[in-house]
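What follows is a set of notes on a single structure, which appears directly below.
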Amino acid sequence: MFTQLLAQATSDIASQLWNQQVAPASIQIEKTPSHFEGDVTIVVFPFVKMARLKPEDTAQAIGAALAEKISGIDRFNVVKGFLNITFTPAFWLSQMSEAAPVAEYSRPEGNDAKTIVLEYSSPNTNKPLHLGHIRNNLLGWSLAEVYKAAGHNVIKANLINDRGIHICKTMVAYNMWGNNETPESAGVKGDHLIGKYYVLFDKANKEEAAELGIEKPEDGDTPLMKDARAMLRDWEKGEPHVMALWNKLNSWVIDGFNDTYARLGVDFDKVYRESETYLSGKDIVQKGLAEGHLQQDPDGSVWIDLTDEGLDRKILLRSDGTTVYMTQDIGTAVARHNDFGADKMVYVVGNEQIYHFDVLKKTLKRLGYDWADNILHYSYGMVELPEGKMKSREGTVVDADDLLDEMKQTAADISKEAGKAQDLPAVEQDRLHEMIGQGALKYFILRVDPKKNMLFNPSESIDFNGNTGPFIQYTHARICSVLNKGSEAGIAVDALKWFADAELKPQEKELLYQLLTLPQMTEKAANNESPAVVANYSFELAQMFNSMYQEISILREPDETLRNNRLLLAKRTAETLKFAMGLLGVGMPEKM
RNA sequence: GGUCUCGUAGCUCAGCUGGAUAGAGCAGCAGCCUUCUAAGCUGCGGGUCGUGGGUUCGAAUCCCGCCGGGAUCACCA
């Protein structure tokens, strides 16, 4: 974009006038605020010292030199250390025709393209997905798209946690109360059926604990917990009847997950099962012990001592020689690094596991794997309800499938009330409502800073007006409608007419500027690893468009060149919105 | 207690690699649909950017202290 040109020219001027090297990337160039005259502003305070001039004179000197170098500069003015530059109409108009098509931003030529393995979702197979999982899935998928848009190669991975005490609990409950119930016979998704038995187990276990006076039902010695632990031992031995049940229940859950993934438009290049990887890491730890990086206690357990790095002593192998969570993560990280030659490994996991990943990275480094520095724990905040954290056991969760249904229904209600899209076939309307409902949900979740906890208030539900996904979808549909009406009336968009010498309105310059910053925006989103950047950019763009063309007419403009410029801007806006929101997984309807 | 993190309008959030008068949306009030989609637009009211210092031409943004919320520190995952 032209700001890079401007930065380069300014850098050259600094070296000519004051013999100082200034990196073009470090020069601050911004859109001029609307209450000052000018199109873009260069902040010249950093040059004041080298110029040995007052800020005003420094800006004046740079401005004069720039005006000589760049013919597109019409005039400039100086306010304190701010150099405000105004370009000629012809210069502005040339920018659009020189800009690369939006489609090309999706795969820029990146010479620093990295191979990134990005793990996300990673659910437990004992209960259905809830709103917290949705945040994980959307962030993970969208982050992968953002990386791709910045030119990286991404491998999306999912490690399904299909083994352990939690699934044994549901197996015990199913054996006791299941009566051969299946998802088909119960008429529910497999993950919901399994979730029912998990809750049943927990409830019954609490009752047993209360009767027996056991304090902690979780790790206490209730008969039910003993059964569950016995089943886990049988599973590890590979007892056929246990394996059969385990396979059956897991396949139900995973089928259910896959339905939800498909509905959300979330996918994976590689799916791992913890049952296949849970033994990994043991040999690595034993090797590390032999090499003297680790310690062994008298009872045989193996530890790493990270107290000198501000952490604690952590166990890596139990006294019976079995692995723990950390051991498995060491094993899978090494395998993943070797399998994919990954430059970077990203784990999308909630912020309650910051400590765990801190230990993982430091342990890997201690074991001699220097690439541990390339591990990023992409930790996101939790979704809170007005009454506090979501807790599966207390039933204070927002179920993912229910929420998706509700969003779709709300979209349908609003659409019907407004009398929109009534002429579409029922199937199309259904698809539209799904797209809008999901647009509202995805935008709601992705527009906030991933690091922060976010609040979801079910009683107020998610908005469809204002700074929302549907607003951006609406803007896109409106533009499509204008373009369609135009072509019906024989007014086609002609890219060549753009060169005509017609002044752009200030708002149109702002819109054009925003459109031209798309590549910088995707780069920023990738560097900050934040889909929220994309969401906020899209909203600003849509808002600018709506605001401007509420009053100004596009198709009824009598001047052919002006009309064509507006059509071009409109078309470009629609393409940009579709591309940007695509990074968030939000579909853009042509009608709504 | 140690470590990490968050605190911006009544509410939900932007802005944070320091820049000009701190922005949106929702909620409230007042307007705008025989004219390209009103899921929209325009206007009004609403702020000691938790607090006290420091760094400098300049701090919501960087550093330190304090106050308040959250997370975490298992032979669980």
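Heads up: the first sequence begins at 248 in the working numbering, then just goes up one per residue. Every residue gets a Cβ at the ideal spot worked out from N, C-alpha and C, and that includes glycine.
- The segment 391–400 makes no contact with the segment 712–725, as fewer than three CB pairs between them are under 8 Å.
- Remark: C-beta atoms of glutamine 267 and valine 290 do not approach each other more closely than 7 Å.
- Distance from the CA atom of glutamine 307 to the CA atom of alanine 298, rounded to whole angstroms, is 11 Å.
- Residue pairing by DSSP places glycine 635 opposite Leu632 in a beta bridge.
- With contacts defined as CB atoms closer than 7 Å, alanine 687 and proline 717 qualify as a contacting pair.
- In this structure glutamate 366 is in contact with leucine 406, their Cβ atoms being roughly 6 Å apart against a cut-off of 8 Å.
- Separation of alanine 457 and tryptophan 618 (C-alpha to C-alpha, rounded to the nearest whole angstrom) is 50 Å.
- Glycine 434 has its alpha-carbon roughly 32 Å from the corresponding atom of glycine 597.
- The C-beta separation of isoleucine 531 from isoleucine 577 comes to about 6 Å, placing the pair in contact by the 8 Å criterion.
- If you draw a straight line from the Cα of asparagine 426 to the Cα of glutamate 454, it is about 22 Å long.
- Assignment of alpha helix (DSSP H) within the segment 372–435, counting only whole runs of 4 or more residues, yields 378–396, 412–424 and 430–433 in chain order.
- Scanning Phe249, Asp304, Arg480 and Ile801 for the CA closest to the CA of aspartate 567 turns up Arg480.
- Unbroken alpha helix (DSSP H) runs of no fewer than 4 residues, entirely contained in the segment 463–524, are found at 470–484, 487–511 and 521–524, following chain order.
- A Cβ-Cβ separation of about 5 Å places proline 375 in contact with glycine 442 under the 8 Å criterion.
- Contact fails between the segment 663–670 and the segment 612–627, because fewer than three Cβ pairs, one in each stretch, are under 8 Å apart.
- Taking C-alpha positions only, isoleucine 320 is separated from threonine 333 by approximately 6 Å.
- Leucine 447 places its beta carbon less than 7 Å from that of alanine 420.
- With respect to glycine 411, tryptophan 499 sits apart: the two C-beta atoms are not nearer than 7 Å.
- By the neighbour-count definition (other C-beta atoms within 10 Å, threshold 16), proline 836 is a buried residue.
- With a 10 Å radius around the Cβ and a threshold of 16 neighbouring Cβ atoms, arginine 819 comes out buried.
- In this structure, the beta-carbon distance from phenylalanine 826 to valine 513 does not fall below 7 Å.
- Between the C-alpha atoms of leucine 758 and asparagine 811 there is a straight-line separation of about 15 Å.
- Here the segment 723–732 makes contact with the segment 790–810; the two share three or more CB pairs at distances below 8 Å.
- Every unbroken stretch of the beta strand (DSSP E) spanning 3 or more residues and falling wholly within the segment 254–282 is given here in chain order: 276–278.
- Rounded to whole angstroms, the gap between the alpha carbons of glycine 379 and aspartate 552 is 33 Å.
- Scanning its chain for C-beta atoms nearer than 8 Å, with the 5 sequence neighbours on each side dropped, one finds around leucine 492 the residues Met418, Tyr421 and Asn422, in chain order.
- Counting along the chain, glutamate 675 sits inside the alpha helix (DSSP H) bounded by residues 673–693.
- Within the same chain, Cβ atoms closer than 6 Å to the Cβ of lysine 316 are found at Ala256, the five residues on either side in sequence being excluded.
- Under the 8 Å Cβ criterion, the segment 590–606 does not count as touching the segment 531–547, having fewer than three qualifying pairs.
- For leucine 693 against alanine 782, the beta-carbon gap comes to about 5 Å, under 8 Å, which counts as contact.
- Out of Asn621, Val780, Glu776 and Gln600, the CA that lies nearest to the CA of alanine 580 is found in Asn621.
- Residues His603 of the same chain have their beta carbon placed closer than 8 Å to that of tyrosine 572, with the five preceding and five following residues left out of the count.
- Alanine 739 counts as exposed, since fewer than 16 other beta carbons sit within 10 angstroms of its beta carbon.
- Straight-line spacing of the CA atoms in arginine 520 and phenylalanine 249 works out to 49 Å.
- In the structure shown, the three-state DSSP call for phenylalanine 792 is helix.
- In the three-state scheme derived from DSSP, where H, G and I count as helix and E and B as strand, leucine 614 is classed as coil.
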